[in-house]
Structures are given as structure tokens and as C-alpha cells.
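Residue numbers (our numbering): 30 to 375. Glycine is no exception: its CB is placed at the ideal position from the N, C-alpha and C atoms. What follows is one structure encoded as C-alpha cells, with my remarks underneath.
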């Protein structure tokens with residue numbers, strides 16, 4: 030296809046794919062059925078798949094635009110390169126293992142239309158395996174604590190809540206999940222898109238941090254609901270995922286924390302990450318313990334390569350307390366039990 034449409038459309042629903050034929054067969058039909066319209070087009074960015082993904086999309090869904098990349102650029106690079114050829118006011122970034130339903134798109138677009146200060150938002154993300162449960166990657170909106178640990182309305186660490194309508198209010202959040210992320214294209218470009226250093230995992234939190242630092246808001250709009258399989262590329266048990274999560278989180282902190290906070294935060298993180306590695310050892314997960322250690326070693330070896338962006342204006346909403354202490358020491362395993370005291374931090 031021609032990578033640049035002649036005229037800008039309002040909304041582009043964009044799925045990044047790499048050897049995901051089975052997921053495309055299972056979930057792309059719902060996206061096409063409930064997303065295509067005069068002002069919305071569905072795209073698949075393909076990270077040089079070696080399966081029949083592209084031929085399937087072209088044969089079975091000819092209205093879907095296909096952007097072919099020369100190699101696997103990962104989540105961050107794949108989207109950055111592919112989105113450069115898609116001209117739309119709003120990008121809706123959607124994982125290939127997400128099932129959407131009739132009307133899912135309208136609340137997201139309507140909210141962005143009526144709230145110009147909001148640069149990004151996400152729907153309520155439920156589990157495809159159990160529609161009554163929140164899904165790990167995003168749930169009902171993401172937050173970070175003072176030491177950079179992410180958590181969600183509906184999911185803290187490995188504790189996932191049942192959806193009982195308890196988080197159905199629209200909320201100002203720290204970060205929106207990359208599994209289903211609506212973002213203004215001009216803001217996405219202005220803050221530099223995803224950081225390709227991350228390759229995969231945590232890149233949407235870094236992006237959202239930069240969006241908030243640039244003075245924009247991010248929201249969760251729970252009236253939009255999608256269902257996510259999760260772990261389609263790297264499952265929770267994969268040590269490489271553990272490595273990426275810990276390494277990328279450290280990169281994110283270096284990039285976005287001002288120096289007067291950075292050194293203090295990193296001293297505490299060294300202790301907390303060490304405890305995490307020890308816990309993996311005690312629970313007979315030595316490969317994950319090794320992944321935590323390797324993540325910290327690799328980060329320190331390349332620390333000076335990670336460019337800081339803390340000089341940008343604005344702030345990020347942050348949980349004042351330590352989510353690690355609240356969860357493990359005080360037993361606060363549900364979002365509703367947290368001390369929801371927030372502060373803006375430069």
C-alpha cells in the first residue's frame with residue numbers, strides 16, 4: 030500500500046503484528062466489524078513476519094491497510110516507523126490479541142473530542158480468558174509509585190481483581206496501556222513517539238510520562254470495553270520479560286526523573302530490586318532472579334547512553350507511597366485499599 034494516505038482521516042486503529050497469524054484470525058474480524066467507518070480505518074503494521082500474516086490480511090480483509098517493515102523492530106520501533114506513514118488525528122494502538130465489541134471506539138474518540146487537554150486514553154481492559162476479571166496489562170488505568178513501580182486500577186503486581194463496576198468512573202491516570210492506547214498523533218510526534226531503546230515492555234509508560242511532562246492529561250474511559258488475551262508474545266513466566274521490565278523501568282527513571290530525585294530513588298530501588306531477586310530465588314525461580322541481576326548490570330553499563338528529558342515542563346501524577354510496602358507489608362492488594370494521596374512531581 031501507499032504508506033501515506035492522500036487525506037488525513039480522523040481515526041486510525043493500528044495493530045502491530047509479528048508472526049501473529051493465529052491472533053489475527055481470531056481477533057482482527059471483530060476489529061474490522063466494529064471499527065471501520067468513513068472516518069476510521071484499520072491498519073496492520075507488520076514487523077517482517079515469516080508466517081502468512083500479511084497474505085491472510087490482504088486476502089481476507091482487503092479494506093485493512095498493510096504497512097510492511099523490513100525487519101522486526103519490536104513494539105516501540107515497529108510503531109514509530111509504521112505510524113510515520115499513517116495520517117490520522119487519533120491513533121488507536123491495539124494489540125493483535127484484543128477482542129473489541131460493538132461501540133468500543135465511540136467513547137474513546139468522543140472523550141478526546143470533548144477534552145482537548147487529554148492527549149491519550151485507554152478503555153477498560155478485561156481478560157479474554159475470563160470476561161469477569163481485569164486483564165494484567167492495563168486493567169482500568171495505570172499509575173506509578175514514588176519509586177517507579179507501575180500498578181493499575183484493578184491489578185497490583187500479581188493480584189488481579191474481578192470487575193464489579195468498582196472502577197467504572199472516568200479517571201485521570203499516570204499511564205495508559207499499550208494494549209489499547211488512544212493517542213493524539215500530533216502529541217505522539219511532539220514528544221518523540223516510543224523510545225526504541227526499550228524494544229518491548231514499559232515503553233508506553235515512558236511515552237505517557239513524557240506526554241504528562243509536556244502538560245497533557247491521560248485518562249481511562251471505562252465505558253469503552255475490550256478483552257485482552259495477554260502474554261501473546263512473552264508470557265509472565267518468561268525470564269526475558271522479567272529482564273525487559275526491570276531494565277526498561279530503570280531506563281525510564283533515568284530519562285524522566287530530575288537529578289535531585291534520581292540518586293535518592295535509585296538508592297532505594299537497588300534495595301528493592303535486590304529483595305525481588307531474593308524472592309525469586311526463594312520461590313525457586315532462579316532464571317528470573319538472574320534476569321533481575323542482568324537487567325541492573327546492563328543498565329549500569331549503558332547508563333550514560335540514555336538521554337534525559339526531565340527539563341520538559343509539566344508533571345506526572347504519582348502515588349506518594351511505596352506500592353511495594355503497601356502490597357507486601359501492609360497487605361493492601363486491591364487498588365481500592367490504597368491511600369489515594371497523589372502529588373504532582375517534576
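Bounding residues of the beta strand (DSSP E) (the contiguous stretch that carries residue i)
i	result
residue 257	246-257
residue 116	Counting along the chain, residue 116 falls outside any beta strand (DSSP E), and DSSP gives it neither H nor E.
residue 322	Segment 315-330 is the alpha helix (DSSP H) holding residue 322; no beta strand (DSSP E) there.
residue 279	Premise fails: residue 279 lies in the alpha helix (DSSP H), 268-285, not in any beta strand (DSSP E).
residue 171	171-173
Collapsed DSSP secondary structure at residue i in the structure displayed
i	result
residue 94	strand
residue 189	strand
residue 366	helix
residue 216	helix
residue 348	strand
residue 69	strand
residue 180	strand
residue 109	helix
Span separating the alpha-carbon of residue i from that of residue j
i	j	result
residue 74	residue 361	40 Å
residue 287	residue 293	11 Å
residue 244	residue 148	9 Å
residue 5	residue 319	Given that the chain is displayed from residue 30 to residue 375, the structure contains no residue 5 and the question cannot be resolved.
residue 188	residue 356	10 Å
residue 348	residue 175	6 Å
residue 253	residue 217	22 Å
residue 281	residue 297	16 Å
residue 69	residue 199	24 Å
residue 337	residue 91	43 Å
residue 317	residue 142	43 Å
residue 112	residue 311	44 Å
residue 76	residue 359	44 Å
residue 279	residue 258	27 Å
residue 97	residue 79	12 Å
residue 57	residue 212	20 Å
Residue closest to residue i, alpha-carbon to alpha-carbon, out of the options
i	options	result
residue 124	312, 277, 240 and 53	53
residue 72	87, 81 and 79	87
residue 55	65, 42 and 89	89
residue 182	152, 226, 158 and 122	152
residue 275	325, 141 and 203	325
residue 67	42, 300 and 230	42
residue 59	48, 224 and 93	93
residue 204	328, 193 and 232	232
Outcome for residue i when other beta-carbon atoms lying within 10 angstroms are tallied against a minimum of 16
i	result
residue 145	exposed
residue 40	buried
residue 239	buried
residue 178	buried
residue 271	buried
residue 107	buried
residue 221	exposed
N- and C-terminal bounds of the alpha helix (DSSP H) containing residue i
i	result
residue 138	134-143
residue 288	288-311
residue 237	232-242
residue 60	50-64
residue 85	82-89
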